[in-house]
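Each residue of the sequence shown is one higher than the last, beginning at 1 in full-length UniProt numbering.
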Amino acid sequence: MQMLNILLDGALAAGDYIGFTFFTGYMSMLAASIFFIVERGTVADKWKTSLLVSALITFIAAVHYFYMRGVWLETHTSPTQFRYIDWTLTVPLMCIEYYLILRPAGAKSGMLVRLLLGSIVMLVAGYIGEAVSPESNVLWGVISTLGWAAIIYEIYMGEASKVAAASDSQAVKDGYNVLRWFTFVGWAIYPIGYMLLPGNLLSGLVEGVDLTKSSPVDLAYNIADAVNKIGFGLVVYSIAKNATESAKVKGAVA
Ligand SMILES: *C/C=C(C)/C=C/C=C(C)/C=C/C1=C(C)CCCC1(C)C
1 MQMLNILLDG ALAAGDYIGF TFFTGYMSML AASIFFIVER GTVADKWKTS
51 LLVSALITFI AAVHYFYMRG VWLETHTSPT QFRYIDWTLT VPLMCIEYYL
101 ILRPAGAKSG MLVRLLLGSI VMLVAGYIGE AVSPESNVLW GVISTLGWAA
151 IIYEIYMGEA SKVAAASDSQ AVKDGYNVLR WFTFVGWAIY PIGYMLLPGN
201 LLSGLVEGVD LTKSSPVDLA YNIADAVNKI GFGLVVYSIA KNATESAKVK
251 GAVA
């Protein structure tokens, strides 16, 4: 009954800014999913799977945001379990997105496996640091960062970067550069948020914050998710659109 009341009335108090970001996160993820699904009809066949994956990423996030919003409103604690279930599904889908985009240029499945392994290390260690052994969250944060570093190595210096550079599609080359920028700069918001956890490196910055009412970590994660799921999907969309257009132009000339 309590849950039903919250679902129907939306017990969002004025001044609950973290709650606001859970709501806007939910709605914007849902809207983005509809956008990607509808726009899927406007790109060439070979790009349709990529747009579907973009839609799946934001849709999975929307469903989790729906639950996370409920946990936050009821308990004002971090919905860490839902958060990591969401990431465990959506981060591998982003790795698949890289693979789909680079496959026509010759990407091998080994590249996908390396990205997935980096993601697993990053997320498992992060979860342990937040939920299992919070007293050693610095150590687990370092281990998690090694997983992220492996991903960055692959897309900036590893095989993925070489395959992208050799692609004959300008749309893929340009888009790939923006995608990896998201994975490097956009994803950096997550470890910064994590470092605000009690006992971690940046916790001093949020010393005065009442953690029974607010959560700087969730604020960082919610902003990061909006940037990295919707923004990343929009870049995939623009690659698909540009590649579809240039194929049409070439077709008209030939
Ligand atoms: C859609 C969800 C995404 C793109 C989630 C990305 C999550 C990360 C890049 C998390 C990284 C972390 C570290 C690099 C160290 C500290 C622990 C984490 C898990 C917050």
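From the three backbone atoms N, C-alpha and C, an ideal C-beta is built for every residue, glycine too. The structure displayed is predicted, hence computed values, not measured ones.
Helix, strand or coil for threonine 183 per DSSP? Start at 1 with the first residue of the sequence shown, and residue 183 comes out as number 183. Residue state, collapsed to three classes: helix.
Nearest to leucine 12 (by Cα), restricted to the options Ala44, His76, Asp45, Leu51: As a position in the sequence shown, residue 12 is number 12, starting the count at 1. For the residues Ala44, His76, Asp45, Leu51, the minimum Cα distance to leucine 12 belongs to His76.
Any heavy atom of ligand 1 closer than 8 Å to the beta-carbon of asparagine 228? By one-based count along the sequence shown, residue 228 stands at place 228. Yes, Cβ of asparagine 228 sits closer than 8 Å to a heavy atom of ligand 1.
Spatially closest choice to aspartate 86 from Gly158, Glu74, Ala62, by CA coordinates: For this step, residue 86 is matched to residue 86 along the sequence shown. Checking every option, the nearest Cα to that of aspartate 86 belongs to Ala62.
Closest by CA to isoleucine 60, which one among Tyr237, Val91, Lys173, Ala14? The count along the sequence shown starts at 1 and reaches residue 60 at position 60. Nearest of Tyr237, Val91, Lys173, Ala14 to isoleucine 60, Cα basis: Val91.
Would you please verify whether the beta carbon of alanine 32 is less than 9 Å from any beta carbon of chain B? Of the protein chains in this structure there is only one, and it is not chain B.
I think proline 216 touches leucine 234, with their Cβ atoms under 8 Å apart; what is that distance to the nearest whole Å? Counted from its first residue, the sequence shown places residue 216 at position 216. Counted from its first residue, the sequence shown places residue 234 at position 234. In fact, because the Cβ distance is near 27 Å, the residues do not count as touching under 8 Å.
Nearer than 8 Å: is that true of the beta carbon of aspartate 174 relative to any heavy atom of ligand 1? Locating residue 174 in the sequence shown gives position 174, counting from the first residue. No.
To the nearest angstrom, how far is it from the Cα of glutamine 170 to the Cα of serine 238? Counting from 1 along the sequence shown, the entry for residue 170 is found at position 170. Counting from 1 along the sequence shown, the entry for residue 238 is found at position 238. Roughly 12 Å separates the two Cα atoms.
Does histidine 76 come out as helix, strand or coil in the three-state DSSP assignment? Sequence index remark: in the sequence shown, residue 76 carries index 76 (1-based). It is coil, neither helix nor strand.
Verify the contact flag: glycine 147, CB atom, against every heavy atom of ligand 1, threshold strictly below 8 Å. The count along the sequence shown starts at 1 and reaches residue 147 at position 147. Glycine 147: yes, Cβ under 8 Å from ligand 1.
If we ignore side chains and look at the alpha-carbon of each, how far apart do residue 335 and leucine 123 end up? Given that the chain is displayed from residue 1 to residue 254, the structure contains no residue 335 and the question cannot be resolved.
Do you know offhand how far phenylalanine 184's Cα is from alanine 149's? Your numbering for residue 184 matches position 184 in the sequence shown. Your numbering for residue 149 matches position 149 in the sequence shown. Roughly 9 Å separates the two Cα atoms.
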